[in-house]
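Here the sequence shown is numbered in my numbering, starting from 43 and rising by one per residue. Every residue, glycine too, gets a C-beta built ideally from N, C-alpha and C.
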Amino acid sequence: MLAKKYKSKLISIFNPFTGIYTLEFKSLNGKYKYLPGQFLHIALDEDYDGSSQWPDSRCFSMQSNPNDEIIKITYAVKGEFTRQMEQQLKVGSEVWLKLPYGDLFTQPHNKVNTVFIAGGTGITPFLSLFTHESFNEYTDPHIYLGFRSKEYNIYQDELDRIQTIREIRPNSCNSCFPKFVTISLFYQDEDGIIDIQKIFDENGIDSNYFISGPPVMIKSFKNTLVEKGVPLSNVLTDDWE
């Protein structure tokens with residue numbers, strides 16, 4: 043799927059905590075086309091006309107699923123570009139998005155007992171899969187999510203959609219995939235950080251592990267799993283940043 047430029051309008055801003063923003067964009071030139079787990083580039087240059095050289099931009103995972111009319115992203119203010127986003131973007135602002143990029147869930151992997159591990163805003167690429175009908179292809183998935191506290195779990199509405207999505211079955215395949223899905227939440231102020239040893243003990247060396255979150259977490263968890271005997275090809279990460 044080739045990347046395309048979409049002139050887009052910012053239609054919603056949600057700012058639940060200082061420095062954390064969820065944005066919703068609507069395309070002004072055709073429906074967005076992408077796959078779950080992919081990411082986009084956003085450009086803020088107000089003089090860009092869509093045809094000249096692509097301006098300075100930054101990558102963000104798409105939190106919405108491909109069936110949605112809008113694209114949703116969540117970001118934390120952590121540098122010059124995101125500070126510019128915080129200051130410049132208002133409801134009604136027009137920007138350019140370029141997408142899709144990435145192959146997170148199209149890489150070869152086993153969809154039985156698949157493990158998904160996310161810390162903080164690292165959950166966003168997973169949500170684009172969890173809320174999409176293609177998540178029905180996964181048998182007995184195990185989801186582990188870590189947040190600073192319960193207040194920082196701003197994704198509960200989307201998590202609640204998981205069971206609804208998995209209730210939907212093609213007429214020809216009503217019993218193909220079990221509806222069972224396990225979601226384990228770790229709140230740092232109550233439970234400490236995500237326990238990768240516990241996750242490994244529960245899932246073993248044969249499962250495929252998807253990891254998304256802060257780079258330090260991704261590196262540490264990946265190294266731990268490989269040291270435990272999980273094949274490197276079974277550890278798939280969302281670490282394009």
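| Asked | Found |
| --- | --- |
| Just how far apart, CA to CA, sit LEU171 and LYS140? | 20 Å |
| Can you find the residues in the same chain that come closer than 6 Å, C-beta to C-beta, to ILE285, ignoring five residues on each side of it along the sequence? | Any question about residue 285 goes unanswered here, given that the chain covers just 43 to 283. |
| On a Cα-Cα basis, can you pick out the residue from GLN105, LYS49, GLY161 that is closest to ASP89? | LYS49 |
| With which residues is HIS184 paired in a DSSP beta bridge? | VAL157, THR224 |
| Comparing C-alpha positions only, which one of TYR194, THR173, PRO167, ILE159 sits nearest to HIS184? | ILE159 |
| Once the 5 residues before and after ILE62 are set aside, which same chain residues still bring their CB inside 6 Å of it? | ALA118 |
| Expressed to the nearest angstrom, what Euclidean distance is found between the alpha-carbon atoms of PHE242 and PHE228? | 15 Å |
| For my contact list, SER249 and ASN276 are in at a C-beta cut-off of 8 Å; report their separation, rounded to the angstrom. | 7 Å |
| Give, in chain order, every unbroken run of the beta strand (DSSP E) that is at least 3 residues long and sits entirely within the segment 81 to 131. | 81 to 85, 99 to 103, 112 to 118 |
| Please report the residue range of the alpha helix (DSSP H) in which PRO257 lies. | 257 to 269 |
| In terms of residues, what are the limits of the alpha helix (DSSP H) holding SER170? | 166 to 172 |
| Can you name, in chain order, every residue of its own chain whose Cβ lies under 8 Å from the Cβ of LEU52, other than the five neighbours on each side? | LEU65, GLU66, PHE67, LEU131, LYS132, VAL133, GLY134, SER135, GLU136, VAL137 |
| Comparing C-alpha positions only, which one of LYS47, GLU269, PRO273, LEU82 sits nearest to ASP145? | LEU82 |
| Can you name, in chain order, every residue of its own chain whose Cβ lies under 7 Å from the Cβ of ILE150, other than the five neighbours on each side? | It should be noted that the sequence gives Pro, not Ile, for residue 150. Counting only Cβ-Cβ distances below 7 Å, and skipping sequence neighbours, we find nothing. |
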